[in-house]
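Novice:
Number of protein chains: 4
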Amino acid sequence: MNPKSAIFSKYLSDEEIAKIVSDEEFVQKIFQFEIALAKEQSYLNMIPKKASDEIRTVLSELKITPLALAEGTVQNGIPVIPILELVKEKLSAEARKYLHFGATSQDAMDTALVLTLRDGLGILNERLVQLQENLSKLLEKYGDTPCMARTRAQLAVPIKFSNKIDAWLQPLQRQRQRMQEISGSILKVQLGGAAGDLAVYQDKGELLLNALASALQLSRAPSWHAQRDSLCEFTNWLAMISSILGKMGSDILVMGQSEINEVTENAEGGGKSSAMPHKNNPILSEALVALAKLNAGLQSQQLLGMIHGNERDATAWILEWDCIPQMLINTGTALNHALTITAKMKVNTANMKKNVEHFKNKE
Amino acid sequence: MNPKSAIFSKYLSDEEIAKIVSDEEFVQKIFQFEIALAKEQSYLNMIPKKASDEIRTVLSELKITPLALAEGTVQNGIPVIPILELVKEKLSAEARKYLHFGATSQDAMDTALVLTLRDGLGILNERLVQLQENLSKLLEKYGDTPCMARTRAQLAVPIKFSNKIDAWLQPLQRQRQRMQEISGSILKVQLGGAAGDLAVYQDKGELLLNALASALQLSRAPSWHAQRDSLCEFTNWLAMISSILGKMGSDILVMGQSEINEVTENAEGGGKSSAMPHKNNPILSEALVALAKLNAGLQSQQLLGMIHGNERDATAWILEWDCIPQMLINTGTALNHALTITAKMKVNTANMKKNVEHFKNKE
Amino acid sequence: MNPKSAIFSKYLSDEEIAKIVSDEEFVQKIFQFEIALAKEQSYLNMIPKKASDEIRTVLSELKITPLALAEGTVQNGIPVIPILELVKEKLSAEARKYLHFGATSQDAMDTALVLTLRDGLGILNERLVQLQENLSKLLEKYGDTPCMARTRAQLAVPIKFSNKIDAWLQPLQRQRQRMQEISGSILKVQLGGAAGDLAVYQDKGELLLNALASALQLSRAPSWHAQRDSLCEFTNWLAMISSILGKMGSDILVMGQSEINEVTENAEGGGKSSAMPHKNNPILSEALVALAKLNAGLQSQQLLGMIHGNERDATAWILEWDCIPQMLINTGTALNHALTITAKMKVNTANMKKNVEHFKNKE
Amino acid sequence: MNPKSAIFSKYLSDEEIAKIVSDEEFVQKIFQFEIALAKEQSYLNMIPKKASDEIRTVLSELKITPLALAEGTVQNGIPVIPILELVKEKLSAEARKYLHFGATSQDAMDTALVLTLRDGLGILNERLVQLQENLSKLLEKYGDTPCMARTRAQLAVPIKFSNKIDAWLQPLQRQRQRMQEISGSILKVQLGGAAGDLAVYQDKGELLLNALASALQLSRAPSWHAQRDSLCEFTNWLAMISSILGKMGSDILVMGQSEINEVTENAEGGGKSSAMPHKNNPILSEALVALAKLNAGLQSQQLLGMIHGNERDATAWILEWDCIPQMLINTGTALNHALTITAKMKVNTANMKKNVEHFKNKE
């Protein structure tokens with residue numbers, strides 16, 4: 331679900347991530363699953379090679395209009411059903427029997443989701459690397475500037491600007507490191523069949539699971555249809571990233587207040603006002619704070635989604651469909667804005683020093 | 331912001347409400363504000379009638395592509411700036427001076443929002459009326475059927491099916507009544523100028539405010555730029571409606587369990603499974619529960635948005651931009667599904683009675 | 331549930347409200363329900379007057395140690411069971427039969443809750459009256475002082491201090507007015523019997539319901555065991571009050587920043603620091619913001635609690651047990667702090683004017 | 331803060347964890363920090379050994395009544411100030427100078443918190459080990475029993491009971507493993523001085539930090555006063571544990587429905603009803619679901635708390651004070667109930683099989 335308007339597509343959304351979580355890409359990921367499934371099933375002599383080849387050929391070329399799936403989705407509560415129906419129309423009667431062979435809709439949905447997360451994570455990681463670089467440059471260039479610490483909304487004692495930058499950079503480093511450690515176990519294939527036990531594949535279930543994981547370069551895991559902890563771990567990471575950036579935004583808003591003026595979010599001139607021509611509003615920092623709040627709220631939905639009833643439960647599952655794309659977009663947007671800020675921010679070192687002197691004189 | 335994909339546009343969204351909260355409609359509502367403002371300002375001799383006429387003429391015909399606003403929105407943190415820029419290109423130098431005269435972006439944004447809420451409320455109200463009718467028919471037709479109460483997940487004592495329907499209908503009646511009582515005070519015009527004090531209009535501020543309210547058929551209120559309680563009262567109502575329907579969905583899921591089989595969500599055949607041809611999944615009831623959870627979470631964001639700093643604060647305001655359209659859509663979707671369910675549901679009175687007999691025999 | 335520690339009992343709790351939601355008071359409210367129920371049942375010749383008298387006499391004197399209920403509560407998932415067991419030990423065999431006659435635990439629990447809400451509302455209302463008075467005094471004394479508006483974290487234009495105070499006062503007035511309009515319908519008796527249909531009382535059910543409502547001076551309403559909208563309307567009101575005060579706190583934090591210094595939260599000297607003797611921390615304003623966030627989050631739990639399954643569902647009901655006392659306490663605490671702030675705040679009018687002059691000179 | 335009442339102290343709280351997060355224990359942890367700080371400072375010749383010895387002696391014996399701290403806490407917005415004041419009364423003039431030497435209140439608060447988390451984690455871990463054992467026993471004893479999968483609230487296909495147990499056990503195994511990997515980096519000492527830069531200790535800051543970490547057997551980390559990611563990672567883990575158990579509770583509620591009767595939560599007889607003597611309510615499973623929802627909501631507060639302004643910000647910090655104890659208690663309570671359930675649950679294998687047969691015959 332692409333959760334944002336065109337008007338806000340740059341301010342409160344992320345065009346690159348939005349594409350990754352788009353309807354079109356979702357359909358492609360479902361195709362990717364079905365192609366790989368058929369291919370591995372053919373290798374394992376579970377379905378004819380001819381059927382597998384036909385499935386690959388047809389799916390490689392088929393374009394589905396997302397809107398064409400809307401009615402089938404509301405009829406069945408899941409878009410995989412109408413996707414498969416449309417695909418089947420293009421397949422020979424023989425190949426049709428072997429499409430999605432033994433799999434359940436959730437196998438396709440969850441694997442598609444994980445492929446999406448991997449793509450998203452790739453983009454976020456690149457931005458994180460760049461952001462750490464930007465922050466390191468700021469650190470190098472301005473880190474030694476004396477400036478005021480502020481605690482509980484009051485001037486505290488002089489510190490260096492590096493202390494402020496470290497409070498943004500260190501948690502980013504820590505959490506990027508953590509994701510590198512754990513992403514392998516989070517990005518795992520889903521294949522369980524109707525009720526998650528691979529029973530439909532009899533003695534070839536485990537072989538197929540391994541082969542599919544390998545083909546899609548995902549981790550192998552027993553079916554996790556109703557075990558959603560890894561997704562929640564991932565989304566909490568997203569929310570932590572946006573919260574770290576929310577804290578950065580919040581700090582820049584304070585340092586950029588007209589009365590303090592230690593930084594200017596955008597040296598080239600930021601947000602204008604329709605009523606006040608003198609304004610240079612720190613609108614990206616504001617967005618950072620808002621996006622952090624939104625992600626914080628969404629994570630509680632993700633955790634609720636872990637209370638996933640029985641073997642499949644859309645009262646929980648739908649929460650993920652709604653939240654994960656939004657959280658990816660919110661985090662991507664926040665990273666984009668953080669990159670812009672750290673590249674364009676004007677650091678008013680003279681004012682920082684002046685504020686320190688002013689404090690010392692008053693003491 | 332239209333927060334949903336085309337694929338899910340019928341299952342987890344509401345095409346009618348989605349249109350009301352669309353980019354296009356938002357721009358139209360901004361135009362409606364600007365036209366009315368100019369018109370009333372001209373009546374009050376604050377701007378030339380000619381300028382007002384030109385503004386009306388130009389805005390009545392102008393079409394703006396939402397995507398054309400994306401860059402201006404990320405530059406300024408608010409879409410009103412780029413909208414006005416595009417409008418000004420079409421106006422004479424003279425009229426340009428009187429467009430948005432004395433107003434601030436938030437005046438336009440908030441009034442546009444209230445006009446949107448009014449449209450949304452109109453649709454929701456119609457559906458509520460219809461839903462109450464559907465439920466009343468079920469009550470009349472099946473209300474006297476004996477069935478089992480279930481408390482704390484266990485069979486309790488026999489009641490009538492009317493008791494279950496009442497638990498859905500009575501809160502809807504109560505809350506529809508409440509909204510009729512309070513909607514007037516919630517749907518109120520916004521006009522304050524740069525800092526909300528109408529100072530720019532000098533002694534004509536109050537007159538203009540009254541005239542604008544009257545022209546747009548909204549309540550008159552002192553500027554509420556940083557007073558967001560009425561919006562939160564409205565969105566809590568939305569969340570209460572979706573929660574009432576969530577409870578209905580939850581009850582239908584239980585009564586519709588294969589082992590209980592007292593109702594079938596969709597007598598004509600509901601959700602299918604890609605792996606299990608025998609399934610008739612109660613997919614709309616599931617959505618009702620999920621939508622209720624989503625709205626419950628969003629209301630906490632709305633309340634956070636009330637901590638609106640100083641005279642304008644986008645770290646809070648953006649939360650509304652994100653949440654209100656979603657909450658309207660979630661509520662509209664839930665009402666749609668509730669209408670379908672109450673129209674198509676099969677009430678298996680024989681099973682209800684059988685379950686009561688079975689309970690009595692065991693006792 | 332008294333949700334706060336002794337250490338934080340004044341800073342993040344409200345001793346007066348905490349008493350109202352205490353275990354002891356809860357037991358008393360249950361007794362109040364049982365006494366009134368027996369009395370009205372005796373008037374209606376449903377139980378012997380002698381039994382009713384004995385119940386009143388025994389319950390008027392009985393003291394129960396809350397901890398004595400802990401084991402019975404975890405055994406039964408509800409404290410009414412062990413309370414009634416302890417009461418029955420004190421009653422004659424005859425009276426025992428007529429205690430809680432025909433009622434279900436939830437009848438007692440919900441009515442006790444409503445009695446608690448009424449007590450809480452009384453206290454909150456008194457504080458709201460006083461707070462409006464305090465704010466009105468500030469308005470009178472300092473309202474005309476010119477000061478700077480700040481929008482999107484930047485200096486905007488000069489306004490008057492009255493505009494800031496109005497942004498705190500007006501929503502409080504509005505919401506206090508609303509609660510007066512709706513409290514009658516929110517404070518309603520609960521009596522339904524095992525499954526909410528009053529069936530146990532046969533043709534006397536309605537009479538008894540009316541009599542009980544009247545005796546307890548509550549509204550009469552059909553059983554709302556699984557209809558929790560009115561509670562959510564009430565708690566959203568609590569959250570709106572704390573959010574309004576959170577906005578006030580947030581504004582005071584900004585105006586009180588060392589660099590701005592337009593107000594001092596506590597003229598007599600506020601929060602100290604263990605490391606910085608010069609600090610005068612605006613610690614009550616900080617608490618206002620935090621309490622608003624906490625209540626905002628809790629309201630989403632309350633809304634989730636409306637998805638109350640079947641005729642009784644503790645997976646939803648427990649949410650209320652946890653949240654309502656906390657929300658009452660958070661709101662009461664916020665009102666207390668707001669009263670202290672508005673009584674003790676130093677308004678530095680000279681600085682307000684200076685900041686305006688400074689802005690004008692720069693323009 | 332001990333967030334629960336005596337009445338609910340066993341059903342919705344955890345006496346063992348409640349003790350760990352009690353006021354008394356908090357004061358002891360503050361003392362533990364101050365003793366270790368003085369001792370290491372004395373080793374490093376930063377303060378006289380005599381002062382350090384006196385501090386240890388006095389603090390080892392001092393008992394502070396929590397209520398005695400309430401007034402100082404509301405005066406200062408933090409309990410460390412009144413604690414230190416009470417301690418200083420007991421110290422010689424000389425030792426008084428070296429108590430809390432160079433530290434800030436947050437150093438003591440955060441380190442005390444981490445010591446609390448370590449204690450809490452110890453208890454939770456023990457219960458997790460036991461729970462895995464209980465589940466493994468159920469697996470061994472009943473895992474092969476055929477039973478019905480249920481997807482989207484409908485009967486799906488036959489599986490084995492092991493599939494259900496695995497959906498509870500596998501995520502617990504996974505998340506326990508994860509916590510073992512990451513707890514070291516989460517449990518880290520806090521020492522930064524007034525503004526977090528250790529400047530007060532000049533060239534001995536790093537040495538002291540290392541020594542203190544080592545003395546308290548915590549990880550060493552640069553000051554994280556305003557970097558709250560690790561706490562959020564920890565609390566998300568708590569919420570994931572309670573959500574996993576919430577899913578288990580939810581499944582048991584379904585399998586335990588009167589109409590399905592595949593398990594009985596408590597073979598010895600569970601929750602009773604005041605109106606229905608035949609009831610055996612699965613009250614612990616209900617609590618599991620409710621506790622999961624509560625923790626899910628609290629995690630969003632924790633994430634909000636990461637938007638921690640400047641160098642110290644109680645509008646964010648207070649959220650942690652409120653949420654972390656509750657989340658620990660909720661998780662501990664959930665584990666306790668899960669242990670009881672897995673020990674006492676009756677698995678009605680005959681009914682499981684009967685339900686499978688019934689399904690097969692209908693097909």
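Residue numbers (the working numbering), protein chains in the order written: chain A, 331 to 693; chain B, 331 to 693; chain C, 331 to 693; chain D, 331 to 693. No residue lacks a Cβ here, since even glycine has one placed at the ideal position from N, Cα and C.
Would you decide whether S422 of chain C is buried or exposed? Buried here means 16 or more other CB atoms lie within 10 Å of its CB.
Specialist: Label assigned to S422 of chain C: exposed.
Novice: Between the region 510-523 of chain B and the region 429-442 of chain B, can you find at least three pairs of beta-carbon atoms closer than 8 Å?
Specialist: Yes: at least three Cβ pairs fall under 8 Å.
Novice: Q290 of chain B bridges to which residues according to DSSP?
Specialist: In this structure chain B extends from 331 to 693, so residue 290 of chain B is not present and cannot be described.
Novice: Suppose you measure from the CA of G544 of chain B to the CA of K369 of chain B; what does that come to, to the nearest Å?
Specialist: The sequence shown places Ser at residue 544 of chain B, not Gly. Taking the straight line from one Cα to the other gives about 12 Å.
Novice: Locate the beta strand (DSSP E) running through R480 of chain A, then write down its first and last residues.
Specialist: Its beta strand (DSSP E) spans residues 476-481.
Novice: Going straight from the alpha carbon of G473 of chain A to that of V444 of chain A, what length do you get?
Specialist: Distance between the alpha carbons of G473 of chain A and V444 of chain A: 40 Å.
Novice: Anyone know if the C-beta pair for R482 of chain A and R480 of chain D falls short of 8 Å?
Specialist: No. Outside cutoff.
Novice: Using a C-beta cutoff of 8 Å, does M682 of chain C count as contacting chain B?
Specialist: No, its Cβ sits nowhere closer than 8 Å to a Cβ of chain B.
Novice: Under 8 Å: do the region 463-471 of chain A and the region 664-673 of chain A share three or more Cβ pairs, one atom per stretch?
Specialist: Enough Cβ pairs lie closer than 8 Å, so yes.
Novice: DSSP on V404 of chain D, reduced to helix/strand/coil?
Specialist: DSSP places V404 of chain D in helix when its eight states are reduced to three.
Novice: Closer than 9 Å, Cβ to any Cβ of chain D: which residues of the region 478-496 of chain B, in chain order?
Specialist: Within the region 478-496 of chain B, the residues whose Cβ lies closer than 9 Å to some Cβ of chain D are M478, R480, T481, R482, A483, Q484, L485, A486, V487, listed in chain order.
Novice: From which residue to which residue does the beta strand (DSSP E) around P318 of chain C run?
Specialist: The structure shown does not extend to residue 318 of chain C, since chain C is modelled only from 331 to 693, so the question has no answer here.
Novice: Give a yes or no on whether the minimum CB-CB distance between H430 of chain B and chain A is below 8 Å.
Specialist: True, the Cβ-Cβ gap to chain A drops below 8 Å.
Novice: For the region 551-558 of chain C against the region 490-505 of chain B, do three or more pairs of beta-carbon atoms, one drawn from each stretch, fall closer than 8 Å, so that the two count as touching?
Specialist: Output reads yes: the region 490-505 of chain B touches the region 551-558 of chain C.
Novice: Apart from the five residues just before and just after D344 of chain A, which ones in its own chain have a Cβ nearer than 7 Å to its Cβ?
Specialist: Only I659, G662, T663, N666 meet the Cβ criterion.
Novice: With distances taken Cα to Cα, identify the nearest neighbour of G402 of chain A among B:G599, B:E391, B:R558, B:E693.
Specialist: Out of B:G599, B:E391, B:R558, B:E693, B:G599 has the C-alpha closest to the C-alpha of G402 of chain A.
Novice: Of all Cβ atoms in chain D, is any one closer than 8 Å to the Cβ of K676 of chain C?
Specialist: So, not an interface residue.
Novice: Taking only runs that begin and end inside the region 424-476 of chain C, name each unbroken beta strand (DSSP E) of 3 or more residues, in chain order.
Specialist: Whole beta strand (DSSP E) segments, 3+ residues: zero.
Novice: Does chain D have any CB closer than 8 Å to the CB of E616 of chain C?
Specialist: With 8 Å as the cut-off, E616 of chain C counts as an interface residue toward chain D.
Novice: Distance, Cα to Cα, P655 of chain C vs A620 of chain D?
Specialist: Between P655 of chain C and A620 of chain D, the C-alpha separation is close to 16 Å.
Novice: Closer than 9 Å by beta-carbon distance: list the chain C residues that pair up with N610 of chain A, in chain order.
Specialist: In chain order: Q484.
Novice: Does N611 of chain A come out as helix, strand or coil in the three-state DSSP assignment?
Specialist: Here N611 of chain A sits in strand by DSSP.
Novice: Does the region 527-538 of chain D touch the region 565-573 of chain D, meaning 3 or more C-beta pairs lie closer than 8 Å?
Specialist: Contact fails: fewer than three Cβ-Cβ distances are below 8 Å.
Novice: Can you say whether Q557 of chain B is buried or exposed, counting buried as having 16 or more other CB atoms within 10 angstroms of its CB?
Specialist: By the neighbour-count rule (16 or more Cβ atoms within 10 Å), Q557 of chain B is buried.
Novice: Are D569 of chain A and Q500 of chain A closer than 8 Å when you measure CB to CB?
Specialist: One detail in the question is off: residue 569 of chain A reads as Ala in this sequence, not Asp. Contact: no.
Novice: Please list the partners that Q500 of chain D has in chain A, where partner means a Cβ-to-Cβ separation under 8 Å.
Specialist: Simply P552, W554, Q557.
Novice: By the DSSP assignment, the alpha helix (DSSP H) with D643 of chain B in it spans what residues?
Specialist: No alpha helix (DSSP H) contains D643 of chain B, which DSSP labels as neither H nor E.
Novice: Using a C-beta to C-beta distance shorter than 9 Å, which residues of chain C count as neighbours of D449 of chain B?
Specialist: Under the 9 Å cutoff, chain C gives no residues; its nearest Cβ is about 23 Å from D449 of chain B.
Novice: Does the distance from the CB of L367 of chain D to the CB of L542 of chain D come in under 8 Å?
Specialist: A contact, by the Cβ cut-off of 8 Å.
Novice: Is it a yes or a no for the region 634-641 of chain C touching the region 581-590 of chain B, going by three-plus beta-carbon pairs under 8 Å?
Specialist: Yes, since at least three Cβ pairs between the region 634-641 of chain C and the region 581-590 of chain B fall closer than 8 Å, the two stretches touch.
Novice: Tell me which residue opens and which closes the alpha helix (DSSP H) that V388 of chain D is part of.
Specialist: Run containing V388 of chain D: 379-391, per the alpha helix (DSSP H) assignment.
Novice: Please name the residue, chosen from D:V487, D:P412, D:S549, D:S382, that lies closest to S603 of chain C on a Cα-to-Cα basis.
Specialist: Ranking D:V487, D:P412, D:S549, D:S382 by Cα distance to S603 of chain C puts D:P412 first.
Novice: Measuring only the C-alpha atoms, how far is W283 of chain C from V677 of chain A?
Specialist: Within the shown structure, residues of chain C are numbered from 331 to 693, placing residue 283 of chain C beyond reach of any answer.
Novice: In three-state terms, what does DSSP make of M331 of chain D?
Specialist: Note on M331 of chain D: pLDDT 47, under 50, position unreliable in the model; no value is reported.
Novice: Identify whether V757 of chain D lies in helix, strand or coil by the three-state DSSP scheme.
Specialist: The question about residue 757 of chain D has no answer, for chain D in this structure spans 331 to 693.
Novice: Once the 5 residues before and after K418 of chain C are set aside, which same chain residues still bring their CB inside 6 Å of it?
Specialist: The residues are R426.
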